[in-house]
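In what follows, a structure is listed as structure tokens, so that the remarks can point back to it.
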Amino acid sequence: MGTTIRPELSEKNPYWIEKHRYYELKHFCLQYPIWKKAYLALDRLAKRPTDLILFSNRQHLGDPTAKCAEARIFYSDRMDLVKLVAEETDAVLGTYILQAVTNGISYDCLKARLDIPCCKDVYYDLYRRFFWLLNKERG
Numbered sequence: 024m025g026t027t028i029r030p031e032l033s034e035k036n037p038y039w040i041e042k043h044r045y046y047e048l049k050h051f052c053l054q055y056p057i058w059k060k061a062y063l064a065l066d067r068l069a070k071r072p073t074d075l076i077l078f079s080n081r082q083h084l085g086d087p088t089a090k091c092a093e094a095r096i097f098y099s100d101r102m103d104l105v106k107l108v109a110e111e112t113d114a115v116l117g118t119y120i121l122q123a124v125t126n127g128i129s130y131d132c133l134k135a136r137l138d139i140p141c142c143k144d145v146y147y148d149l150y151r152r153f154f155w156l157l158n159k160e161r162g
């Protein structure tokens with residue numbers, strides 16, 4: 024039986040954030056694979072200018088290349104934010120935290136598949152710290 028992290032901690036906990044804000048941030052992070060897929064699709068699209076016609080709407084005049092670039096910046100900014108906060112959380116365990124928060128992986132899976140070099144208590148303390156830091160960054 025896996026450990027399920029409680030969505031709400033005691034307000035005395037240094038990493039306390041409101042339960043619904045935690046869920047909002049958690050679902051924000053779970054969109055990471057979608058952003059990455061969209062970013063890569065837009066990258067391939069930008070390399071084939073004739074395909075940009077599909078990206079633009081014929082009824083509106085505009086610059087499909089600029090729209091593509093803006094969309095890539097949108098996705099890149101979000102992915103960079105999540106990566107940066109994971110690295111800021113812990114230099115060594117940041118990559119494990121990034122995997123967990125973007126793919127919904129539990130500590131037990133991280134331990135079994137990737138042999139995370141810490142105990143469950145340390146991991147979940149850093150996991151909570153990640154969301155606390157992300158809350159500060161997202162405002």
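For the sequence shown, the positions run 24 to 162 when the numbering used here is used. We put the CB at the ideal spot given by N, CA and C, even for glycine.
- Collapsing the DSSP output to three states places Leu-116 in coil.
- C-alpha of Tyr-38 to C-alpha of Leu-156: approximately 8 Å in a straight line.
- The C-alpha of Lys-60 lies about 19 Å from the C-alpha of Leu-107.
- Contact between the region 35–51 and the region 108–117 is absent, with fewer than three C-beta pairs closer than 8 Å.
- Per DSSP, the unbroken alpha helix (DSSP H) holding Trp-155 starts and ends at 143–161.
- DSSP, read as helix, strand or coil, puts Lys-35 in coil.
- Nearest Cα to Ile-96 within the set Trp-58, Gly-127, Asp-86: Trp-58.
- The C-alpha of Ala-89 lies about 15 Å from the C-alpha of Ser-99.
- Judged by DSSP secondary structure, Leu-53 falls within the alpha helix (DSSP H) whose first and last residues are 42–53.
- Thr-125 is positioned such that its CB atom lies closer than 8 Å to that of Tyr-55.
- In this structure, Val-115 keeps its C-beta atom at 8 Å or more from the C-beta atom of Cys-52.
- Inter-residue distance for Gly-162 and Arg-136 is about 34 Å (C-alpha atoms, whole angstroms).
- DSSP, read as helix, strand or coil, puts Pro-56 in helix.
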